[in-house]
Amino acid sequence: MEFTAARIAKLARVASRRVEGMRIVLDGVADPGNRAAIIRSAEAFGILNVHIIPPPVIPGKQTPVARKKHYRAISTGSEKWINVIRHDTPHDCLQDLREKGFRVYCAKPEAPAHDVATRPVPLTELDFSSKTALVFGNENIGVSPQLSAGADGDFTIHMFGLTESLNVSVAAAVCMHWGRYSRTAALGVTTDLSEEDSKALLGKYTSIEHHYGVTPGLTNRNLEEPGAPP
Numbered sequence: 052m053e054f055t056a057a058r059i060a061k062l063a064r065v066a067s068r069r070v071e072g073m074r075i076v077l078d079g080v081a082d083p084g085n086r087a088a089i090i091r092s093a094e095a096f097g098i099l100n101v102h103i104i105p106p107p108v109i110p111g112k113q114t115p116v117a118r119k120k121h122y123r124a125i126s127t128g129s130e131k132w133i134n135v136i137r138h139d140t141p142h143d144c145l146q147d148l149r150e151k152g153f154r155v156y157c158a159k160p161e162a163p164a165h166d167v168a169t170r171p172v173p174l175t176e177l178d179f180s181s182k183t184a185l186v187f188g189n190e191n192i193g194v195s196p197q198l199s200a201g202a203d204g205d206f207t208i209h210m211f212g213l214t215e216s217l218n219v220s221v222a223a224a225v226c227m228h229w230g231r232y233s234r235t236a237a238l239g240v241t242t243d244l245s246e247e248d249s250k251a252l253l254g255k256y257t258s259i260e261h262h263y264g265v266t267p268g269l270t271n272r273n274l275e276e277p278g279a280p281p
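Right, here's the structure in full:
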């Protein structure tokens, strides 16, 4: 596909609609497919930054091995259009977000109706006019104790059927869709980036397009486990 003026215009529209002040944190999400799907959803909903903390070592559980072709099929190269920020520990991630002025909320299951003390706030009641980071935990053990202890609170997605939980990639997609529209509606804008930052982002996207081509061969290094087979 030729790199045309229409393509440049599309990249400009995308850059002018990115949201920086609503971020996603993957706290130990272990399944490579889940991580790749969340990256793809983040790009689709205009979320510019996703933070990744490595999964914990769980006795008796083997960490899934990443395969490049599998990632490519799920993420479709979406990771090159956003910032995937890696942290060694939950503390490092929290410190980074705090320095940038973010409030941090952890995704948790709905508490029983009688358990008022530990009941998470509904997603729809979070204030996305402030910089907000939503944390999604490991598929087996949830959000790490370190991140839970340092967060501003917990939130949940209300369920209306018999199913009591969602796959983490589905839950993250629901939250990104709601959070992105809530933030832009509250601010009355289509992006929370400055004009200068939007132009810089367009420059970055144009460089990526020239480097890879419109249909690039992808490496997905941000999503793979160390030593992943080709």
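Counting along the sequence shown from 1, when you hit position 24 you're at 75 in the numbering used here, and nothing is skipped either side. Even glycine gets a Cβ: it sits at the ideal position worked out from N, Cα and C. The structure presented is a predicted model; accordingly, all values stated were derived computationally and were not measured.
By DSSP's assignment, phenylalanine 187 forms a beta bridge with Leu77. Going by DSSP, asparagine 100 is part of the beta strand (DSSP E) stretching over 100-104.
By the Cβ-count criterion, histidine 102 is buried, with 16 or more other Cβ atoms from all chains shown falling within 10 Å of its own Cβ. By the neighbour-count definition (other C-beta atoms within 10 Å, threshold 16), phenylalanine 211 is an exposed residue. Taking 8 Å as the cut-off, the Cβ atoms of proline 160 and phenylalanine 206 do not count as close.
Under the 8 Å Cβ criterion, the stretch 128-141 counts as touching the stretch 94-108, having at least three qualifying pairs. In this chain, the beta strand (DSSP E) harbouring glycine 204 covers 204-207. Annotation: the continuous alpha helix (DSSP H) that includes arginine 91 extends over 83-95. DSSP places arginine 69 in the coil class of the three-state scheme, outside both helix and strand.
Tyrosine 156 has Leu185, Gly204 as its beta-bridge partners, per DSSP. Shown here, proline 171 sits in coil according to DSSP, grouped into three states, outside any helix or strand. The C-alpha of leucine 185 is placed about 5 Å away from the C-alpha of tyrosine 156.
Residue pairing by DSSP places asparagine 134 opposite Asn100 in a beta bridge. In this structure, isoleucine 59 lies away from glutamate 94, with their beta-carbon atoms at least 8 Å apart.
The shortest C-alpha to C-alpha distance from histidine 209 to any of Ser67, Asp82, Val108, Thr175 is the one to Thr175.
Boundaries cannot be given for leucine 177, as no alpha helix (DSSP H) includes it and DSSP labels it neither H nor E.
Going by DSSP, glutamate 150 is part of the alpha helix (DSSP H) stretching over 141-150. The stretch 142-149 and the stretch 224-236 do not touch, with fewer than 3 CB-CB distances between them shorter than 8 Å.
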